[in-house]
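Student: Before I ask anything, here is the structure I am working with.
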Amino acid sequence: MRLVFVGPPGAGKGTQAENIVRDYGLFHLSTGDALRAAVKAKTPIGLEAEKYMNAGALVPDEVVIGVVVERLDEAKSGCLLDGFPRTIAQAEALDKILAEKNSPLDVVIELAVPDDELFTRLASRGRADDNPDVIKQRLVAYHTQTEPLVDYYTKSGILKKIDAVGTIEEVYAKIKKVLDEYK
Ligand code: AMP
1371 MRLVFVGPPG
1381 AGKGTQAENI
1391 VRDYGLFHLS
1401 TGDALRAAVK
1411 AKTPIGLEAE
1421 KYMNAGALVP
1431 DEVVIGVVVE
1441 RLDEAKSGCL
1451 LDGFPRTIAQ
1461 AEALDKILAE
1471 KNSPLDVVIE
1481 LAVPDDELFT
1491 RLASRGRADD
1501 NPDVIKQRLV
1511 AYHTQTEPLV
1521 DYYTKSGILK
1531 KIDAVGTIEE
1541 VYAKIKKVLD
1551 EYK
């Protein structure tokens, strides 16, 4: 099963990804985690990405697509992409990569949470990019650059929207219901 999570920062993508990886044994690729590791290790990609991440902006497509191409080969028995794609250009690149492997996406899950709830969640999380000004920028980046993916995947007929307000368990139960159709 090849699965993508689309949702604003704070929607619970990382938390729900951990549940899915535990129960479904998928390879988990979080571009946010990969980029944070690169920043910490001060690799050339990390040094390039850091300034965008600190400003709450998206890292340029070519940098992130490079990170994904490198890792996707490890995904033999399906994958969960969390935080990628985040732009239409990334979605098109992903479609191309997966078409070459003859392994298209099965489902895209949109985790929907209203902005005011996101703001409260993120402000209490305490990550370096979780201060109010940067949070605002990240939400703007989501609405302008990432939300168009909802339309893109609706047109491909693989989008499932989940209301992600509620407890972690409640939201995970809804996700499982969707995934169990694909098992
Ligand atoms: P996340 O942990 O997914 O919230 O990502 C943290 C930050 O990493 C984002 O605010 C972006 O600056 C950067 N990032 C992660 N994934 C991507 C992506 N697919 N495209 C561009 N930037 C990304």
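So the sequence shown is numbered by our numbering: it starts at 1371 and just counts up by one.
By construction, the Cβ of each residue, glycine as well, lies at the ideal position given by its N, Cα and C atoms.
(1) Roughly how many angstroms lie between the CA atoms of H1503 and K1530, to the nearest whole one?
(2) Go through its chain and collect everything with a Cβ distance to D1452's Cβ below 6 angstroms, but skip five positions before and after it.
(3) State the start and end residues of the unbroken beta strand (DSSP E) segment that holds S1400.
(4) Taking the alpha helix (DSSP H) that R1508 belongs to, which residues open and close that run?
(5) Do three or more CB pairs link the region 1391-1400 to the region 1434-1448 at distances below 8 angstroms?
(6) Using a Cβ-Cβ cutoff of less than 8 angstroms, which residues in the same chain neighbour I1415 once the five nearest sequence positions on both sides are dropped?
(7) My assumption, with CB atoms under 8 angstroms, is that L1488 sits in contact with G1402. Please give the rounded CB distance.
(8) Taking only the alpha-carbon atoms, compute the straight-line gap between P1474 and T1514 and give it to the nearest angstrom.
(9) Whole angstroms is fine: what's the gap from T1385's alpha carbon to I1538's?
(10) Smallest Cα separation from N1424: which of K1544, L1549, R1497, R1441?
(11) Given this structure, state the Cα-to-Cα distance separating E1547 from A1482, to the nearest angstrom.
(12) So is G1527 buried or exposed if we call it buried at 16+ other beta carbons inside 10 Å?
(13) Report all residues from its chain with a CB closer than 6 angstroms to the CB of T1516; omit the five preceding and five following residues, and keep chain order.
(14) Taking 8 angstroms as the threshold (C-beta atoms), are G1426 and A1493 in contact?
(15) Quick check: I1479 and P1518, are their CB atoms within less than 8 angstroms of each other?
(16) Kindly provide the ranges of any alpha helix (DSSP H) runs that are 4 or more residues long and lie completely inside the region 1469-1506, ordered along the chain.
Tutor: Taking the coordinates as given:
(1) First, the residue type needs correcting, since residue 1503 is Asp and not His in the sequence shown. The alpha-carbon of D1503 is positioned some 31 angstroms away from that of K1530.
(2) So the list reads F1375, K1383, A1387, S1400, once near-sequence residues are dropped.
(3) Following the DSSP letters along the chain, one finds S1400 inside the beta strand (DSSP E) bounded by residues 1397-1400.
(4) Membership of R1508 in the alpha helix (DSSP H) is indicated by the continuous run 1502-1511.
(5) With the cut-off at 8 angstroms, the region 1391-1400 and the region 1434-1448 touch.
(6) Excluding sequence positions up to five before and after I1415, its CB lies within less than 8 angstroms of the CB of L1405, A1408, V1433, G1436, V1437, all in the same chain and listed in chain order.
(7) Rounded to the nearest angstrom, the Cβ distance from L1488 to G1402 is 15 angstroms, too far for a contact under 8 angstroms.
(8) Taking the straight line from one Cα to the other gives about 26 angstroms.
(9) When rounded, the distance between both Cα atoms is 8 angstroms.
(10) Nearest Cα to N1424 within the set K1544, L1549, R1497, R1441: R1497.
(11) The sequence shown places Lys at residue 1547, rather than the Glu named in the question. Distance between the alpha carbons of K1547 and A1482: 16 angstroms.
(12) The residue in question, G1527, is exposed, as its Cβ has fewer than 16 Cβ neighbours within 10 Å.
(13) Closer than 6 angstroms at the Cβ level, and outside the excluded window around T1516, lie R1456.
(14) At least 8 angstroms separates the beta-carbon of A1493 from that of G1426.
(15) No. Outside cutoff.
(16) Inside the region 1469-1506, DSSP marks whole alpha helix (DSSP H) runs of 4 or more residues at positions 1485-1493, from first to last along the chain.
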